[in-house]
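Have a look at the structure below, then the notes.
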Amino acid sequence: MKISILGTGYVGAVTGACFVEIGNDVVFVDIDPAKLDMIRTGRSPIFEPGLDELLKKNLDRISATTDTGEAIRETDATFICVGTPSNLDGSIDLQYIEAASQTIGGELREKEGWHTVVMKSTVVSGTTTGIVRRRLEEASGKEAFRDFGLASNPEFLKEGSALTDVFSPDRIVIGAEDPRSRKVLETLYATFDCPKLVTAIPVAEMIKYVSNAFLATKISFANEIGNLCKTMGLDTAEVFAGVGLDARINPAFFRSGIGFGGSCFPKDVRALIAQALAAGVPPKILTSVVAVNEDQPLRLVTLLKKHLPDLKGKRIGLLGLAFKPDTDDIRESRAIPITEELLKEGASVIAYDPLAMESFGRLFPGISYAASAEDLVQVVDAVLLTTEWKEFETLDYTGKLVIDGRRVPKAAVGSIYEGVCW
Ligand code: UDX
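What follows is the structure, encoded as structure tokens:
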């Protein structure tokens, strides 16, 4: 199959690389020529382990262009993979989705033969059959499902393990309402050995949001219970190890700590809350999920102040700036509110991260950055563990005050140690 990927950010780059690996021709489209130059030379525009190798290996079936028309003319299907940022009230900002739909619609006007437009970006339920369909139809003068295909195919990729997730998914969700679009997606995923669920388009969109909201709920629940366990002298991890053995519950995503960050969970939960509010059904659980997640990183600073009541002028080291290990992504990283709080308290912040110092430096140019984790531990009055990078597991923390937000067992050896939920 010949496929256009519109948007070469995280989702587009990984999805395109997957499609090309399973034998399709892929045209990457983006407004940023620099990203396309990278793709043409087999370098991924985003950091994801294994992605460069995958692109390099398949370069003969990859092309890259800023010209959406050219891409649509030459391909059978277009996957919309553009960003979906948040508005100030937490609702989803659809400006890039609308612009993409408009452009694709304009190109479909002249296109002969069937072309399927697939929504890969995470959008609130009703977006694809609502505003996207309207923009496509207005711009093309054609009718969805009759003259061109429209479908939803959400992704469930975790940064850092996106390639494993994309090649060995738990399930593939196909939102399709016309037989031709359904066939396109079923053919594309024919070789995947996993449950494939075909639903109405708004159901597919909702599955994605509810999956993320449920996982976020598990984390906030683990954190709330974790805070209680801590006051009772219990280790939350032990409690959840037992809880997770119930097959109805499952042990995943119960790691308590300083909460969830990243480009999906915080944004998606807020967007779902905004949608529920707009629909007149104010959500109580989801609102609490966000509230717990906002308090949780600040608990690390509260625990620090138990040992160092006055942080003014104290050198506080942050180990880990990325929102999780194996990525350079700092979006909604819990290190951000922690740094803000420490600065408010007058502390002198020194940070280290193997990959994310450059982007954190743009956000916090006024704090210091250490050359290595070892250097940081040596010069600070206290260490805060904020991301569980592997290299932090072998450091020597002897004699240091350590407040651990991510459960790094070695950090408790020979140190004055506080775990956030244990
Ligand atoms: C998530 C979803 O897992 C993925 O399916 C979706 O497509 C996009 O959002 P991602 O944001 O890449 O993926 O990372 P994930 O590994 O899910 O972690 C998200 C955040 O939750 C991280 O900050 C992580 O530290 C935190 N987390 C995760 C916990 O605090 N506890 C856990 O038990 C699991």
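Heads up, the sequence shown is in our numbering, so the first residue is 80 and it goes up one at a time.
Think of the CB as a built atom: it goes at the ideal place given N, C-alpha and C, for glycine as much as any other residue.
All figures in this text were calculated on a predicted structure; none of them were measured in a lab.
Judged by DSSP secondary structure, Tyr-268 falls outside any beta strand (DSSP E); it is assigned neither H nor E. Rounded to the nearest angstrom, the Cβ distance from Thr-406 to Glu-238 is 5 angstroms, consistent with a contact under 8 angstroms.
When DSSP reads this structure, Gly-341 sits in no beta bridge, so it has no partner. The shortest CA-to-CA distance from Met-436 to any of Phe-402, Leu-422, Leu-294 is the one to Phe-402. In the structure shown, Asp-139 falls within a helical segment according to DSSP collapsed to helix, strand and coil. Ile-159 is a Cβ neighbour of Ala-179, given a cutoff of 8 angstroms.
Under the three-state reduction of DSSP output, Arg-394 falls in the strand class. Secondary structure remark: continuous alpha helix (DSSP H) runs of at least 4 residues inside the stretch 246 to 316, in chain order: 258 to 267, 280 to 311. Under the DSSP assignment, Leu-463 falls in the beta strand (DSSP E) whose first and last residues are 461 to 464.
Judged by the Cβ position, Asn-291 qualifies as a neighbour of the ligand UDX at the 7 angstroms threshold, a heavy atom of the ligand being closer than this. For Lys-479, the shortest separation between its Cβ and any heavy atom of the ligand UDX does not lie below 7 angstroms. Remark: C-beta atoms of Ile-176 and Val-202 approach each other more closely than 8 angstroms. The Cβ atoms of Ile-171 and Ser-83 lie no closer than 8 angstroms to each other.
By the Cβ neighbour-count rule, Gly-102 is exposed, with fewer than 16 other Cβ atoms within 10 Å of its own. Secondary-structure assignment with DSSP links Asp-483 through a beta bridge to Leu-464, Gly-498. Relative to the ligand UDX, the beta carbon of Glu-303 is positioned no closer than 7 angstroms to any heavy atom. Measuring C-alpha to C-alpha distances from Gly-312 to each of Ile-141, Met-198, Ser-204, Val-499 identifies Val-499 as the nearest.
Under the 10 Å beta carbon count, Gln-174 is surrounded by fewer than 16 other beta carbons and is classified as exposed. For Phe-227, DSSP records a beta bridge to Ala-223. Here the stretch 259 to 272 makes no contact with the stretch 328 to 345; the two share fewer than three CB pairs at distances below 8 angstroms. In the structure shown, the three-state DSSP call for Tyr-448 is strand. The residues Ile-251, Lys-275, in chain order, have a CB closer than 7 angstroms to that of Tyr-268 in the same chain once the five nearest residues on each side in sequence are set aside. Considering only Ala-350, Met-198, Val-369, Ser-299, the residue with the shortest C-alpha distance to Ala-279 is Met-198.
Excluding the 5 residues flanking it on each side, Gly-425 has same chain C-beta neighbours closer than 7 angstroms at Leu-390, Lys-391, Gly-392, in chain order. Annotated three-state conformation of Phe-439 is helix, per DSSP. Annotation: the continuous beta strand (DSSP E) that includes Asp-104 extends over 104 to 108. Buried is the label assigned to Val-99, since at least 16 other Cβ atoms lie within 10 Å of its Cβ.
Three or more Cβ pairs drawn from the stretch 107 to 114 and the stretch 137 to 154 lie within less than 8 angstroms of each other, which places the two stretches in contact.
Pairing Gly-205 with Gly-162, the inter-Cα distance amounts to about 17 angstroms. Listed as beta-bridge partners of Val-90 by DSSP are no residues whatsoever. Taking 8 angstroms as the cut-off, the Cβ atoms of Ile-446 and Ala-430 count as close.
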